[in-house]
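In the working numbering, the protein residues as written are 4 to 135.
Here it is, written out as structure tokens:
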């Protein structure tokens, strides 16, 4: 299950969104993952079944690009370097690709759970007709 988020609350209020956006942009820059060529979804931990299923649903190109970004970031981390500024991930390129799949899988799991928990019973009218 994904972590709770304030994003829907903030997105419904334009004045709050205008106030929070500079802080969010500063935080993304301070986090440093874009300077290493990573996208935000590359930082999602892989240690749960939902994320593992989402990774299996990626297209081959998306999976290859993700592995490339992770390996390059690992190499940069070990050598204590950053990418040249022209190779940094730009904010407009940092679109979610894994989060969409995770939400889809969580919805499927919830639907499956709801269907498995469903109790089927006859209506009273149908039960009375069956007796006669």
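Beta carbons: idealized from backbone N, C-alpha and C, even for Gly.
Item	Value
Mapping DSSP to helix, strand and coil, what is residue 84?	coil
Extract the residue ranges of the alpha helix (DSSP H) inside the segment 24-94, only unbroken runs of 4 or more that lie entirely within it.	52-59 and 63-81
Let's test the definition: count the other Cβ atoms within 10 Å of the Cβ of residue 45 and tell me whether it reaches 16, buried, or not, exposed.	buried
Please classify residue 105 as buried or exposed, where buried requires at least 16 neighbouring CB atoms within 10 angstroms.	buried
Measuring straight from C-alpha to C-alpha, what distance separates residue 89 and residue 37?	11 Å
Using 10 angstroms around the beta-carbon of residue 39, count the other beta-carbons present and answer buried if the total reaches 16, otherwise exposed.	buried
Going straight from the alpha carbon of residue 12 to that of residue 21, what length do you get?	13 Å
Quick check: the Cα distance between residue 117 and residue 111, rounded to an integer number of angstroms?	10 Å
Return the CA-CA distance between residue 58 and residue 107, expressed in angstroms with no decimal places.	12 Å
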